[in-house]
Amino acid sequence: MPDPKKITKLCYNILYKLYGPQKWWPAETPFEVIVGAILTQNTSWKNVEKAIANVKAKNKLSPAHLYRLDTNRLALLIKPCGYYNIKAKRLKHFIEFLIKNYKGSLKNLFSNPTQILRKQLLSINGIGPETADSILLYAAQRPVFVVDAYTKRIFQRQGLLTPGADYEYVQKFFELNLPKNVKLFNEYHALIVKHAKDVCKKTPLCYICVLHKECEFFKKG
DNA sequence: GACCAGGCACATC
DNA sequence: GATGTGCATGGT
2 MPDPKKITKL
12 CYNILYKLYG
22 PQKWWPAETP
32 FEVIVGAILT
42 QNTSWKNVEK
52 AIANVKAKNK
62 LSPAHLYRLD
72 TNRLALLIKP
82 CGYYNIKAKR
92 LKHFIEFLIK
102 NYKGSLKNLF
112 SNPTQILRKQ
122 LLSINGIGPE
132 TADSILLYAA
142 QRPVFVVDAY
152 TKRIFQRQGL
162 LTPGADYEYV
172 QKFFELNLPK
182 NVKLFNEYHA
192 LIVKHAKDVC
202 KKTPLCYICV
212 LHKECEFFKK
222 G
């Protein structure tokens, strides 16, 4: 097994060279990041865009507006992104948490240290590890590595992760082998998603795998 | 008409 | 603790 520090960095360099900066998260405000993070659970981003556009069109994209909006009406607005009934409830759960504990202010919520903040987010019904970490990285600008199905799939195929690796294990694999840097983590996760959608899915042996086999670490190994 | 998409909570064993 | 299931639309 090649040095994981070198491999994780090399992977990043290959992806960045292939696709360039991804400019994530695609949102205008931190609050929009959070809404998008909940709506994109097991859902294509295209559908989430439609749902968010509907909410914006009704001028409801703020904690105060969504707090007052009836859950069933909210569900209809976000219908295009699927699971709309459960996602309407999940959005409500987050907003009620924010209003009750932080007077509806993200700035107040984000004044917490990263680990406290993560625990608080995870305590909200409907926010699991990936959603929490997406909020931490892309809305609160914390150096937390976001793991998703793509990340596991790609790095398992390359033999860098064991098939059974759970969320925490995969996250630590990256966090321990990369410099703790918000910009790097931001770009890395975005590049993995880009790669998975563009190439990895369409070929039996994805592009990055091929490049890896040609690289010096695999030749030595 | 299958199959998948930037997960999560809950039931059951 | 591991595994199975419901949630649902829109694109390929």
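Quick note: the numbering used here has the first sequence finishing at residue 222, numbered continuously throughout.
Here a beta-carbon is modelled for each residue, glycine too, at the ideal position from N, C-alpha and C.
As the structure is a computational prediction, the values presented were derived from the model and not from experiment.
Going by C-alpha positions, Asn109 is about 15 Å away from Ile136. For Gly37, the uninterrupted alpha helix (DSSP H) run begins and ends at Pro31 to Leu40, by DSSP.
Taking Asn48 as reference, the option from Gly83, Phe156, Asn73 and Lys101 with the minimal CA-CA separation is Gly83.
Close CB contacts of Ala76 within its chain, under the 6 Å cut and outside five residues either way in sequence, are with Tyr85, Asn86 and Ala89 (chain order). Residue environment analysis places Trp46 among the exposed positions, since fewer than 16 neighbouring C-beta atoms fall within 10 angstroms of its C-beta. Cβ-Cβ distances below 8 Å link Asp199 to Tyr20 in the same chain, with the five nearest sequence neighbours on each side left out; the list follows chain order. With 16 or more neighbouring CB atoms inside 10 Å of its own CB, Arg119 falls in the buried class. Secondary structure within the region 167-205: the alpha helix (DSSP H) runs of 4 or more consecutive residues, fully enclosed, are 168-178 and 183-196 (chain order). Selection His190, Gly105 and Ala140 evaluated against Pro31 yields Ala140 as nearest (Cα-Cα). Here Thr163 carries a coil assignment [DSSP, helix/strand/coil]. Put simply, the backbone Cα of Ile100 is about 16 Å away from that of Glu33. Leu138 is a Cβ neighbour of Asn187, given a cutoff of 8 Å.
Taking the Cα positions, Ile15 is about 43 Å away from Asn102. Assignment of Ile128 by DSSP, reduced to helix, strand and coil, places it in the coil class.
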